[in-house]
Amino acid sequence: MPDAKNDPFESLTPKEFLEQKVLPLLAPAIRFAFLRRRQSLHDDDLARWQQRLYLHLSENNYRRLLTFNHDAELQTWLQRVTSNEISRELKQERQKVSLEKVPPEKFHVRPTQEDALRIKEEWHLVMKAIKNWPVEDQEFICLCLQDEMPAKEIAQQFGITPTAVRKRKERLLEKLHRRFGR
Numbered sequence: 511m512p513d514a515k516n517d518p519f520e521s522l523t524p525k526e527f528l529e530q531k532v533l534p535l536l537a538p539a540i541r542f543a544f545l546r547r548r549q550s551l552h553d554d555d556l557a558r559w560q561q562r563l564y565l566h567l568s569e570n571n572y573r574r575l576l577t578f579n580h581d582a583e584l585q586t587w588l589q590r591v592t593s594n595e596i597s598r599e600l601k602q603e604r605q606k607v608s609l610e611k612v613p614p615e616k617f618h619v620r621p622t623q624e625d626a627l628r629i630k631e632e633w634h635l636v637m638k639a640i641k642n643w644p645v646e647d648q649e650f651i652c653l654c655l656q657d658e659m660p661a662k663e664i665a666q667q668f669g670i671t672p673t674a675v676r677k678r679k680e681r682l683l684e685k686l687h688r689r690f691g692r
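Rendered as structure tokens:
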């Protein structure tokens with residue numbers, strides 16, 4: 511019986527070793543690599559990565575696979591190889607993204623000077639329009655419009671439900687629209 515230290519492939523050809531020993535560990539290694547990166551992995555992506563890593567380990571006459579020599583456990587070695595390859599591939603994919611393919615909501619565009627001035631003037635008009643409102647309504651509309659606070663947070667602050675926040679916001683906005691004749 512051959513010594514495992516002298517024969518890391520346990521008398522198997524590299525192809526047999528890959529298919530019998532490595533492939534069963536490949537999916538868990540891929541999941542682990544994505545978990546470490548805090549990225550989600552869908553089943554169709556898993557199959558794609560399994561195929562890519564199988565090719566990576568078998569290319570150039572199993573050059574990468576032949577670097578395994580039992581200095582580490584097979585699972586540990588495979589997790590490292592998988593993690594490195596996934597990182598390399600994802601980095602290359604990120605570099606290839608065209609700006610036309612990036613959705614507009616991913617961009618944060620600061621307003622122009624004219625837009626900023628217009629917004630400031632409109633906010634000044636709103637503040638003049640609500641100055642005679644009850645203080646609670648003034649605070650409420652400021653949180654909704656200027657601070658753009660989510661309904662859930664406003665609900666907690668005012669001790670009401672998020673549905674009540676939306677209804678109150680609609681009512682107060684309608685009041686503003688009537689004030690400006692819109």
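If you're matching positions, the sequence shown starts at 511 in my numbering and goes up one per residue. Virtual Cβ for every residue (Gly too), placed ideally from N, Cα, C. Just so you know, these numbers come straight off a predicted model, no measurement behind them.
Can you look up Arg-676 in the DSSP assignment and give me helix, strand or coil? helix
Assigned exposure category for Pro-512 - 16 Cβ within 10 Å defines buried: Note that Pro-512 scores 43 on pLDDT, short of 50, meaning its location in the model is unreliable and no value can be drawn from it.
Gln-585 versus Ile-651: straight-line alpha-carbon distance, rounded: 58 Å
In the DSSP assignment, find the unbroken alpha helix (DSSP H) run with Phe-650 in it and report its ends. 645–655
Taking the alpha helix (DSSP H) that Phe-544 belongs to, which residues open and close that run? 533–546
Taking the C-alpha atoms as reference points, what is the distance between Ser-597 and Glu-658? 37 Å
Continuous alpha helix (DSSP H) stretch holding Gln-667: start and end: 661–668
Given a cut-off of 9 Å, decide if Gln-602 and Ala-539 are closer than it, judged by their beta-carbon atoms. no
Considering just the uninterrupted stretch of the alpha helix (DSSP H) at Pro-524, what are its terminal residues? 524–527
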